[in-house]
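Protein sequence lines correspond, in order, to chains A and B. When we follow our numbering, the leftmost residue of the first sequence carries the number 1, and every step to the right adds one. When we follow our numbering, the leftmost residue of the second sequence carries the number 1, and every step to the right adds one. Note that beta-carbon positions come from the ideal geometry of N, C-alpha and C, so glycine has one too. One structure is given below, encoded as structure tokens.
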Amino acid sequence: MAPRLIPAHRPETPLTAGLPGPWTAIAIAIVLAAYPLLMRELGEDFYITLGSRVLILALAASALNLALGYGGMISLGHAAFLGAGAYTVAALAGQGINSAWIAVPAAVAIAGLAAFLVGAVSLRTKGVYFIMITLAFAQLFYYLAVSLPVFGGDDGLQLTERSNVPGIKLENDLAFYYFVLFTAGLAFVLLYRLVSSRFGRALLAIRENERRVAAVGYPVFRLKLMAFTLSGGLAGLAGALLANLSMGVTPHTLAWQQSGLLMVMVVIGGSGYFWGGITGAAIFLLLEEAVSTHTEHWNLVLGVLLLIIVMVAPNGVMSLRERVISQFRRKSTQ
Amino acid sequence: MNPILHVEHLVKRFGGLVATNDCSLEVASGEIHALIGPNGAGKTTLLAQLSGELASNSGRILFQGRDVTRLPVDKRVAAGMTRSYQITTLFSKLTVRENLAVAVQARTGRFFDVFGTVAGDSDIEDGAAQAAESVGLLDMMERVVGTLSHGKQRALELGMALACKPKLLLLDEPMAGTDPEESQRMGDLIHALRGEHTVILVEHDMDAVFRLADRVSVLVAGHVIATGAPEAIRANPEVVKAYLGDEEDEKEAA
Numbered sequence: 001m002a003p004r005l006i007p008a009h010r011p012e013t014p015l016t017a018g019l020p021g022p023w024t025a026i027a028i029a030i031v032l033a034a035y036p037l038l039m040r041e042l043g044e045d046f047y048i049t050l051g052s053r054v055l056i057l058a059l060a061a062s063a064l065n066l067a068l069g070y071g072g073m074i075s076l077g078h079a080a081f082l083g084a085g086a087y088t089v090a091a092l093a094g095q096g097i098n099s100a101w102i103a104v105p106a107a108v109a110i111a112g113l114a115a116f117l118v119g120a121v122s123l124r125t126k127g128v129y130f131i132m133i134t135l136a137f138a139q140l141f142y143y144l145a146v147s148l149p150v151f152g153g154d155d156g157l158q159l160t161e162r163s164n165v166p167g168i169k170l171e172n173d174l175a176f177y178y179f180v181l182f183t184a185g186l187a188f189v190l191l192y193r194l195v196s197s198r199f200g201r202a203l204l205a206i207r208e209n210e211r212r213v214a215a216v217g218y219p220v221f222r223l224k225l226m227a228f229t230l231s232g233g234l235a236g237l238a239g240a241l242l243a244n245l246s247m248g249v250t251p252h253t254l255a256w257q258q259s260g261l262l263m264v265m266v267v268i269g270g271s272g273y274f275w276g277g278i279t280g281a282a283i284f285l286l287l288e289e290a291v292s293t294h295t296e297h298w299n300l301v302l303g304v305l306l307l308i309i310v311m312v313a314p315n316g317v318m319s320l321r322e323r324v325i326s327q328f329r330r331k332s333t334q
Numbered sequence: 001m002n003p004i005l006h007v008e009h010l011v012k013r014f015g016g017l018v019a020t021n022d023c024s025l026e027v028a029s030g031e032i033h034a035l036i037g038p039n040g041a042g043k044t045t046l047l048a049q050l051s052g053e054l055a056s057n058s059g060r061i062l063f064q065g066r067d068v069t070r071l072p073v074d075k076r077v078a079a080g081m082t083r084s085y086q087i088t089t090l091f092s093k094l095t096v097r098e099n100l101a102v103a104v105q106a107r108t109g110r111f112f113d114v115f116g117t118v119a120g121d122s123d124i125e126d127g128a129a130q131a132a133e134s135v136g137l138l139d140m141m142e143r144v145v146g147t148l149s150h151g152k153q154r155a156l157e158l159g160m161a162l163a164c165k166p167k168l169l170l171l172d173e174p175m176a177g178t179d180p181e182e183s184q185r186m187g188d189l190i191h192a193l194r195g196e197h198t199v200i201l202v203e204h205d206m207d208a209v210f211r212l213a214d215r216v217s218v219l220v221a222g223h224v225i226a227t228g229a230p231e232a233i234r235a236n237p238e239v240v241k242a243y244l245g246d247e248e249d250e251k252e253a254a
């Protein structure tokens, strides 16, 4: 038996940088729980709904981050899984099935199944080919939704009411916010466990050097497929919430621009950082909101702002933390 | 002789090129079996076929009597065959400890365990420390691999394969790019494996090969033309003509 050495300092590496600290999570949870109450006090109910929207897209971006940031699978087709979740909820509602206990798990299952099938084919390719084939699959879903009458064509599907949760009226925007917070919170706890588990470490290792991971005996393809499936399932969960927020779904949710937006959010926030998806979604949506109330040409202004962010923090906003810490260390040793 | 590995009439074609041509080989349990041959003889291709990275067109690979010809890499590692790389293939942004931990974790299975946390898993930590000790890297556990010297990276390359606790190690030019001192140290590490592991050693450094190997096989154009003790191989006229002779010619030409 080799002696155990207890090191003074373990350097932060890509393996540990992607893992969250529990105190940050608790602080964020408290802030998010207090936020709508503050907005109600201020009489700004609109911002409660905006908060729900940020949380839902934060979940969708974090789902993509699992595949893209942790697994190194650059998917340009995640709108398909978001849309699969949203369409499942809307289609079930059209059949008179409004119970959240049925609709939400069904949305996750359908989106997960779609991701499993797409992944089983796409993950046999690498690099640009993977990007293109995921995009192609997403377009396939898009045209399916547009052309099939059961999915409402260009108009999509409307909800007459939000999903039913016994004892809670989700029509109330405050109640809906807490429903979203609770659901997304559960998903983040799951993600947290996932990325700090044996599976999570294997996934990070695959991103760093796939060939070596295979050589030491991991079933790389199956691990990536599992990550892609879970990522798709979580995106489907976000889609189910999104359909409830918007009271329906249009093919726009499935469009490639939506996949691109999710990717922009992950890149801004920090791909491969636990809070990357959340940070990116919050920055993007809040900037969009702030700029669009002031000018008609908000797209241009937003584009410039995003460009500045990416130039200041090419590895995402979450990577700034390490940079600040390492600069502080350098100064203190000088 | 108690063979651990039987290679029977193995073939690998890349389009019209036959890289491995009716290759047959027997490796005895516990020996260091060197595989030598001129550039382009197909040594690396054969190694990739043995490890499972390349599928074979025909022929059989029997490991401990079991046909592994169609098994994927992970199943072969689980059975006890692990390779190392000629071009260092490490997680260069991770520490030595993290590199070895990834390899040890693979050995302990539970690939789809999404709940148990890996932080502070003592089985993994101990396994990593053990592997580090066996290649002399115990005092560098927290160093980021990209900052290590080439020689240390080569040692870790061997450590990664050892961390899988293989019965059969497939070493692809472990001395590649090392200076004489590092090469000597790597030789000592490989020498220490004798008995505990069976080793197939692909190596260009002839001094190391003749010093370390129990037996040597000579690969020419994807075919084993001779197998025997180092002295016998050195004296074999066919080998001298096909391989060592070539090297002499090259030296003269240069």
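Beta-carbon proximity list for residue i, same chain, < 6 Å, skipping 5 on both sides
i, result
"Ala131(B)", "Leu100, Gly159, Leu162 and Ala163"
"Asn236(B)", "Ala226"
"Met1(A)", "Annotation note: pLDDT 43 at Met1(A) (below 50); position unreliable, no value reported."
"Leu17(B)", "none"
"His78(A)", "Leu64, Ala235, Ser259 and Leu262"
"Phe91(B)", "Asn99"
"Trp275(A)", "Met318"
"Ala27(A)", "none"
"Ala106(B)", "none"
"Arg211(B)", "none"
Contact check, residue i vs residue j, beta carbons under 8 Å
i, j, result
"Ala205(A)", "Val195(A)", "no"
"Gly316(A)", "Ser246(A)", "no"
"Ser217(B)", "His6(B)", "no"
"Val146(A)", "Pro251(A)", "yes"
"Ala29(A)", "Gly239(A)", "no"
"Ser122(A)", "Phe137(A)", "yes"
"Gly119(A)", "Leu230(A)", "no"
"Ala155(B)", "Leu137(B)", "yes"
"Leu94(B)", "Val145(B)", "yes"
"Leu191(A)", "Leu82(A)", "no"
"Thr178(B)", "His197(B)", "no"
"Glu288(A)", "Leu307(A)", "no"
"Gly71(A)", "Ala227(A)", "yes"
N-terminal and C-terminal residue of the alpha helix (DSSP H) that residue i is part of
i, result
"Asn99(B)", "Val96 to Arg107"
"Gly239(A)", "Val220 to Ser246"
"Arg207(A)", "Arg198 to Glu208"
"His33(B)", "No alpha helix (DSSP H) contains His33(B), which is instead part of the beta strand (DSSP E) from Ile32 to Ile36."
Same chain, Cβ closer than 7 Å to residue i, neighbours up to 5 away in sequence not counted
i, result
"Lys331(A)", "none"
"Met175(B)", "Ser183, Met186, Glu203, Asp205 and Ala208"
"Glu208(A)", "Pro14"
"Phe179(A)", "Val165, Ile168 and Leu170"
"Arg53(A)", "Leu245 and Leu285"
"Asn2(B)", "Ala28 and Ser29"
"Thr20(B)", "Leu10, Val11, Lys12, Gly42, Thr45, Leu46, Gln49 and Gly222"
"Glu12(A)", "Glu322"
"Leu5(A)", "Unreliable placement is indicated for Leu5(A), whose pLDDT of 46 sits below 50; no coordinate value is reported for it."
Close Cβ partners of residue i (< 8 Å) along its chain, the five nearest in sequence each way excluded
i, result
"Val220(A)", "Ile206, Glu210, Val213 and Ala214"
"Gly260(A)", "Leu76"
"Val68(B)", "Gly52, Ile61, Leu62, Lys75, Arg76, Ala79 and Met81"
"Ile102(A)", "Leu92"
"Ala242(B)", "Pro38, Val218, Val220 and Ile225"
"Pro7(A)", "Annotation note: pLDDT 49 at Pro7(A) (below 50); position unreliable, coordinate value reported separately. Here the set comprises nothing."
"Thr108(B)", "Asp123, Ile124 and Gly127"
Within-8 Å CB hit, residue i to chain C
i, result
"Met186(B)", "Included in the structure are the protein chains A and B, with no chain C among them."
Residue i, enclosing beta strand (DSSP E) - first and last residue
i, result
"Asn21(B)", "Leu17 to Ala28"
"Gly59(B)", "Ser58 to Phe63"
"Glu203(B)", "No beta strand (DSSP E) holds Glu203(B); DSSP gives it neither H nor E."
"Phe130(A)", "Per DSSP, Phe130(A) belongs to no beta strand (DSSP E); it is in the alpha helix (DSSP H), Gly127 to Ser147."
"Lys75(B)", "Segment Val73 to Ala79 is the alpha helix (DSSP H) holding Lys75(B); no beta strand (DSSP E) there."
Supposed contact pair residue j and residue i - C-beta distance, whole angstroms, cut 8 Å
i, j, result
"Ala235(A)", "Ala63(A)", "4 Å"
"Ala229(B)", "Arg215(B)", "6 Å"
"Ala86(A)", "Val249(A)", "4 Å"
"Ser197(A)", "Thr147(B)", "With 8 Å as the limit, Ser197(A) and Thr147(B) do not qualify as a contact, their Cβ atoms being about 28 Å apart."
"Ala111(A)", "Gly232(A)", "5 Å"
Among the options, the one whose alpha carbon lies nearest that of residue i
i, options, result
"Gln257(A)", "Gly18(A), Ile26(A), Arg222(A) and Leu135(A)", "Leu135(A)"
"Phe199(A)", "Arg211(B), His223(B) and Val114(B)", "Val114(B)"
"Ala281(A)", "Thr49(A), Val264(A), Ser292(A) and Ala227(A)", "Val264(A)"
"Gly156(A)", "Gly94(A), Ile56(A) and Pro314(A)", "Gly94(A)"
"Tyr143(A)", "Ala255(A), Glu296(A) and Val266(A)", "Ala255(A)"
"Val199(B)", "Ser58(B), Gly59(B), Asp22(B) and Arg83(B)", "Arg83(B)"
Cβ-heavy atom distance, residue i to the ligand SAH, below 7 Å
i, result
"Ser24(B)", "This structure simply doesn't include the ligand SAH, nor any ligand for that matter."
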